[in-house]
Amino acid sequence: MLSTVYSAGVFGIEGFIVSVECNGLRRIPDFHLVGLPDLAVREAHDRVYTACENSGYKFPALDLMINLAPADRKKEGSGFDVAILLGILHCGGYLRPDGDLSDKCFCGELSLSGSVRGIRGILCMCAAARDAGMKEFYAPAVNAREAAAVNGITVYAVENIKQLVDHLNGTERMTPVVRDVESEIRYGSYGVDFSDVKGQAMAKRAMEIAAAGGHNILLIGPPGTGKSMLAKRLPTILPPLSFDEAVETTKIHSVAGTLPSDVSLLASRPFRSPHHTMSAVSLAGGGINPRPGEVSLAHNGVLFLDEFPEFPKQVTDSLRQPIEDGKITITRAAGRVTFPCSFMLVAAMNPCRCGYFGDPTHTCTCRANDIRNYIARISGPLLDRIDIQVELPALTYDELSSRSSPEESSATIRERVIAARKFAERRFESEKDVFCNAKLTAAMIRKYCVPDEAGRELLRQAYESLGLSARGYDRTLRVARTIADLAGCETIGAVHIAEAVRFRSLDRKYWKN
Ligand SMILES: Nc1ncnc2c1ncn2[C@@H]1O[C@H](COP(=O)(O)OP(=O)(O)OP(=O)(O)O)[C@@H](O)[C@H]1O
Ligand SMILES: [Mg+2]
Ligand SMILES: [Zn+2]
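Residue numbers for the sequence shown follow my numbering, so the first one is -11 and each next one is one higher.
Okay, here's the thing in structure tokens:
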């Protein structure tokens, strides 16, 4: 007897359907598993056998041949257990012969007791099943809410094999898992707010501009001025995730195994803060069975590089391409995997090694040469991709302790950010792959970022007095465009230029002399 049961695997962040064919012959009992299985799949036999017996079903005394197709795709992990056992139970006559399995997809690992364990990548698998026209998806109970984020397919939460067999035989039906993801992601929850940060008006304004234009930003200041605080709060002023963004981001975390157990769809923008000792592979992604790196885990959110000069140059240089492309491709024998990685970069640093250069209340103990060397450690090419640089002064006691002026909330700032992005939207309708000002190319800058007469004159003066490079010039125009968008102005005027130039003045202060 031949039975076919469908399951799913994952490659990169895309799921694919695997058909598990099981043929049982009435002759000396034996067990063969074919179709490029890796070690975990081969171990499936032991798990499947024990789980079967412990669920109360005598393992069929048949010569069993099991084939996982398509044969040319590498199948990793233990998520095919449930489908394999179902195929065997079908051959053994434990499932109703008239039951239709062709529109159902089964994923999950078996424990020896017959209960079903969670696996990585369930969201991707369920989406693949839906796309293949399947009607029902059977997920491990712990992953079921994650699967239920996919529309257009009925999801069941499977605790154990006995329950699944009873359901399929119609003796005791399970209830599907339903969730309303659209309303869940309408507001992400972050637990922090911009109003927590006191003072630092210029840095806050810089964060708002960065959020509105999608600009990468560098925060420079002595210890304890709120750099980390501000970085962590950037996701709270970005527009809420769209449904597609939430699903794509969740897929990445689902595959990486970084989805918190109580979170089945990422409704908030991710914030990732890798340490400077992290390897280039962990940062960018890779490995034999490629896994997403920090840049992809930050997809649609924020990547924060604290103590920026401490990152080794070869590590930060490896970020250049991902930042440019918004995706990263890893080539392996098994094929090429592409992980999306469209994030906003926030870098933070002290002005010097001791931290207090330019601080009026502490004395800097560094020599001029050390300061230059410290700054010179930053990867130039990466710095070239940061439009905004802003300095955070040390806070005075009064500022820190003041209770008089309440600070603006994230929600208020986010409204302005959303309005500015909406204002800019029309610009991007005809430009492929451009969705915010930070992505404007040099040619587009000539087209969309043309200042008026006074603006041009001011820019010329600033350009000469600051000694801006050509790239610095383009970055100033991009930021000025966003500032004008925030003000609802079609034309870039002198006020917009003047403010944008303030976010470049560090070029001269630190990098030039
Ligand atoms: N602007 C601020 N408003 C309110 N609290 C602040 C502010 N700046 C610093 N603090 C307080 O100081 C602590 C340290 O701030 P934070 O970690 O953001 O500093 P930092 O600039 O990142 O310093 P470091 O250079 O040491 O990383 C915060 O947890 C907060 O309690
Ligand atoms: Mg910090
Ligand atoms: Zn110093």
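Glycine included, every Cβ here is placed at the ideal spot set by N, Cα and C. Note that the structure is a prediction, hence the values are computed from the model and not measured.
Hey, how far is the Cα of Gly81 from the Cα of Arg257?
49 Å
Suppose you measure from the CA of Lys500 to the CA of Gly3; what does that come to, to the nearest Å?
At Lys500 the pLDDT is 46, less than 50, meaning the model places this residue with poor confidence; the figure from the coordinates comes in the next sentence. Their Cα atoms are separated by approximately 51 Å.
Identify whether Ser177 lies in helix, strand or coil by the three-state DSSP scheme.
coil
Is there at least one non-hydrogen atom of ligand 2 closer than 7 Å to the beta-carbon of Ser261?
no
What are the boundary residues of the beta strand (DSSP E) that His20 is part of?
18 to 22
At which residues does the alpha helix (DSSP H) containing Asp462 begin and terminate?
458 to 474
Can you tell me whether DSSP reads Ser(-5) as helix, strand or coil?
strand
Does DSSP classify Gly443 as helix, strand or coil?
helix
Which partner residues does Lys92 have in the DSSP bridge list?
Glu124
Pull up the DSSP beta-bridge partners for Asp421, would you.
DSSP output for Asp421 lists no bridge partner at all.
Contact under 8 Å by Cβ, Ala135 with Ile110:
yes
Range of the contiguous alpha helix (DSSP H) that encloses Thr304
301 to 305
Any heavy atom of ligand 2 inside 7 Å of the beta-carbon of Ala336?
yes
Residues of its chain near Phe125, where Cβ-Cβ distance is below 6 Å and the 5 sequence neighbours each way are ignored
Cys93, Cys114, Ala117, Ala135, Ile141, Val143
If you reduce the DSSP assignment to three classes, tell me which class Leu100 lands in.
coil
Figure out for me which residue from Ser267, Val290, Gly275 has the closest Cα to the Cα of Phe299.
Ser267
What does the alpha-carbon distance come out to for the pair Ile16 and Cys112?
39 Å
Taking 8 Å as the cut-off, does the region -2 to 14 touch the region 50 to 57 (at least 3 CB pairs, one atom from each stretch)?
yes
Does the distance from the C-beta atom of Glu419 to that of Met432 stay below 8 Å?
yes
Quick test of your reading: Leu56 and Lys62, contact by CB under 8 Å. State the CB separation rounded to the nearest angstrom.
No, Leu56 and Lys62 are not in contact; Cβ-Cβ is about 11 Å, not under 8 Å.
Are there any heavy atoms of ligand 3 lying less than 7 Å away from the beta-carbon of Thr349, as far as the coordinates show?
no
On a Cα-Cα basis, can you pick out the residue from Ala198, Pro228, Lys215 that is closest to Arg373?
Ala198
Nearest-angstrom Cα separation, counted from Ile480 out to Ala472:
6 Å
Where the beta strand (DSSP E) through Ile374 begins and ends
Unbroken run through Ile374: none, as it is neither H nor E.
Using DSSP with H/G/I as helix, E/B as strand and the rest coil, what is Asn277?
coil
CA nearest to the CA of Glu395, picked from Asp181, Asp34, Ala39, Ser66
Asp181
DSSP three-state assignment for Leu77, whether helix, strand or coil:
helix
Among the candidates Phe345, Ser453, Ile316, whose CA atom is the shortest distance from the CA of Phe331?
Ile316
Helix, strand or coil at Tyr451 according to DSSP, with G and I counted as helix:
helix
So is the beta-carbon of Asp462 under 7 Å away from any non-hydrogen atom of ligand 2?
no
For Lys192, count neighbouring Cβ atoms within 10 angstroms of its own Cβ and tell me buried if that reaches 16, exposed if not.
buried
Helix, strand or coil, according to DSSP, for Leu156 in the structure here?
helix
State the DSSP-derived secondary structure class of Ser7, mapped to helix, strand or coil.
strand
Just to confirm the assignment, what range does the alpha helix (DSSP H) spanning Asn357 have?
356 to 364
Where Arg505 and Arg308 are concerned, what is the direct C-alpha to C-alpha distance, given to the nearest angstrom?
With the chain represented from -11 up to 501, any question about residue 505 goes unanswered, as that position is not in the structure.
Inside the region 313 to 348 only - beta strand (DSSP E) runs reaching at least 3 residues:
315 to 320, 323 to 328, 332 to 337
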